[in-house]
Amino acid sequence: MNLHEYQGKEILNSFGVRIQRGIVAQNAKEAVAAAKQLTAETGTGWHVIKAQVHAGGRGKGGGVKLAKNLQEVEELAGQIIGMNLITPQTSAEGKKVHQVLIAEDVYYPGDNEPDEYYMSVLLNRTSGRNMIMYSTEGGMDIEAVAEETPHLIFTEEIDPSVGLLPFQARRIAFNLGLSGGAFKEMTKFVMALYTAYVKSDSSLFEINPVLKTSDDKIMAVDAKVTIDDNALYRHKNYVDMRDIREENPIEVEANEVGLNYVDLDGNVGCMVNGAGLAMATMDLIKQAGGEPANFLDVGGTADAKRVEEAFRIILKDDNVKAILINIFGGIVRCDRVAQGVVDAYKNMGDAIKVPIIVRLQGTNADIAKELIDSSGLDVQSAVEFQEAADKVQAVLA
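For the sequence shown, this note's numbering gives the first residue as 74, with consecutive numbering after it.
This is the structure:
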């Protein structure tokens with residue numbers, strides 16, 4: 074589950090991570106009120122207006138602006154709220170901005186020059202350990218840094234049996250070139266950040282930039298946080314943070330009816346039971362010259378109602394030119410799935426206007442094939458994987 078910047082910062086702050094303070098506003102008037110409140114609480118004279126969308130690169134798209142007075146706060150907030158923000162991480166249509174974060178200006182003058190760093194906490198899937206990735210090149214796209222100056226990216230892996238140790242936090246601060254008060258602040262920041270990552274059951278923390286202020290404070294100026302969906306039962310207070318306006322509406326609808334669905338950009342819809350078989354089916358489609366339009370796992374209860382719901386979800390994608398149903402009858406009987414396909418097809422009538430290929434293997438597969446073949450519907454049955462691939466290829470030709 075992806076979070077907005079302000080939500081991620083709330084989580085960080087709850088674990089003692091210093092953050093750039095801010096207040097969310099839904100309209101220009103609320104933005105002005107938020108700015109006044111921040112000025113009273115922090116003394117900040119300037120304010121940063123930040124679009125709250127689930128996408129990086131907001132500044133490049135005009136979603137982050139600096140306001141030097143209350144009039145500018147109102148004007149800039151009014152411009153950003155309601156805009157379709159296009160960034161390198163959004164579609165060509167962009168994402169509509171529903172709210173902004175009014176944040177304090179933390180780039181104030183002082184004895185030292187402020188500096189920006191990059192830091193993220195994530196799982197290294199190769200080693201099976203959490204790691205902290207960091208760089209002196211904060212505020213930049215980390216992908217560009219990795220490509221152009223890979224020697225400026227450091228990693229610190231954490232032994233899960235002991236967790237992050239103080240010497241590792243000190244090594245991070247040292248590699249970032251810090252000393253004195255900033256060095257001590259960074260070690261505290263890193264320890265608190267890792268604690269927040271583990272205890273919130275997150276799968277990603279990305280702070281870009283981590284700022285060293287002119288008076289050597291270390292704080293998170295941005296926060297990209299992704300919570301592991303499988304752990305949400307342990308964090309009931311995080312569930313309410315989900316903003317479905319930022320998610321694919323078809324995926325949201327599928328989730329509401331209990332289907333595991335991921336929208337893709339292809340032309341062949343998939344309806345499969347089991348994640349492994351779904352991945353193999355997607356490979357099959359590509360080998361047949363098509364592109365998978367989705368990942369859809371109907372699970373072990375592929376009855377008529379569930380199959381019909383799956384059909385309706387798949388057909389919401391106008392790019393779908395064919396549907397491949399690939400079911401292994403282990404827990405669920407193939408004949409029951411076949412009857413579900415026939416019933417769903419009849420119930421939906423003219424709504425189904427694309428070819429359907431059905432491959433059923435396992436318990437009662439022979440009965441299932443007979444049900445499909447004798448249904449009189451425009452449904453093609455297949456027995457072998459290659460046969461299904463050939464029929465997909467034929468309907469796309």
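Heads up, the beta-carbon is just placed ideally off N, CA and C, and yes, glycines get one too.
{"query": "Straight-line gap, A348 to D370 (C-alpha atoms, nearest Å)", "result": "6 angstroms"}
{"query": "Counterpart residues of R432 in DSSP-defined beta bridges", "result": "N399 and A455"}
{"query": "Best match in E460, V431, I226 and D463 for proximity to V452 [C-alpha to C-alpha]", "result": "V431"}
{"query": "Length-filtered (3 minimum) beta strand (DSSP E) runs lying within the region 331-393", "result": "333-336, 341-345 and 367-370"}
{"query": "Inter-residue spacing [alpha-carbon to alpha-carbon] between Q461 and G403", "result": "Per the sequence shown, residue 461 should be read as Ala rather than Gln. So the two alpha carbons sit approximately 19 angstroms from each other."}
{"query": "Close beta carbons around S275, own chain, < 7 angstroms, minus the five adjacent residues each side", "result": "V298, T299, I300 and D301"}
{"query": "For A165, three-class secondary structure by DSSP", "result": "coil"}
{"query": "Per-residue DSSP class, three states only, for H224", "result": "helix"}
{"query": "Assigned exposure category for S447 - 16 Cβ within 10 Å defines buried", "result": "exposed"}
{"query": "From Q93, K169, G89 and E114, residue whose alpha carbon lies closest to that of A124", "result": "K169"}
{"query": "Residues bridged to H308 (per DSSP)", "result": "Partner(s): none; H308 has no beta bridge."}
{"query": "Close beta carbons around G362, own chain, < 7 angstroms, minus the five adjacent residues each side", "result": "Q466 and L469"}
{"query": "Distance, A353 Cα to I317 Cα", "result": "30 angstroms"}
{"query": "Cβ-Cβ distance between M213 and V283 below 7 angstroms", "result": "no"}
{"query": "Beta strand (DSSP E) segments (min. 3 residues) lying fully within the region 74-122", "result": "95-98"}
{"query": "Residues near N194 in its chain [Cβ-Cβ closer than 7 angstroms; skip 5 each side]", "result": "This sequence places Val at residue 194; Asn is not what is there. Once the five neighbours on either side are set aside, the close Cβ partners of V194 are N203, I205, L266, Y267, Y270 and F278."}
{"query": "Cβ-Cβ separation, Q241 to E229 (assumed contact under 8 angstroms), whole Å", "result": "5 angstroms"}
{"query": "Residues near F458 in its chain [Cβ-Cβ closer than 7 angstroms; skip 5 each side]", "result": "L357"}
{"query": "Run of the beta strand (DSSP E) containing V298, from where it starts to where it stops", "result": "K297 to I300"}
{"query": "Whole runs of the beta strand (DSSP E) within the region 271-297, excluding any shorter than 3 residues", "result": "275-285 and 291-293"}
{"query": "Cβ-based neighbour list, K442, same chain, cut-off 6 angstroms, excluding 5 preceding and 5 following", "result": "S454"}
{"query": "Residues bridged to N157 [DSSP beta-bridge criterion]", "result": "K169"}
{"query": "Contact set for V97: own chain, Cβ-Cβ below 6 angstroms, skip 5 residues either direction", "result": "Y79, Q172 and L174"}
{"query": "Buried/exposed call for Y207, threshold 16 Cβ in 10 Å", "result": "buried"}
{"query": "Proximity below 7 angstroms, CB of V414 to CB of E382", "result": "no"}
{"query": "Of the listed residues F247, G167 and T286, nearest to Q93 (C-alpha basis)", "result": "T286"}
{"query": "Cβ-Cβ distance between W119 and K141 below 7 angstroms", "result": "yes"}
{"query": "Cβ shell of V121 (< 7 angstroms), same chain only, five flanking positions each side left out", "result": "V137, L139, A176 and D178"}
{"query": "DSSP beta-bridge partners of R202", "result": "N197"}
{"query": "Straight-line gap, M189 to G211 (C-alpha atoms, nearest Å)", "result": "The amino acid at residue 189 is misidentified as Met; the sequence shows Glu. Each residue's alpha carbon lies about 5 angstroms from the other."}
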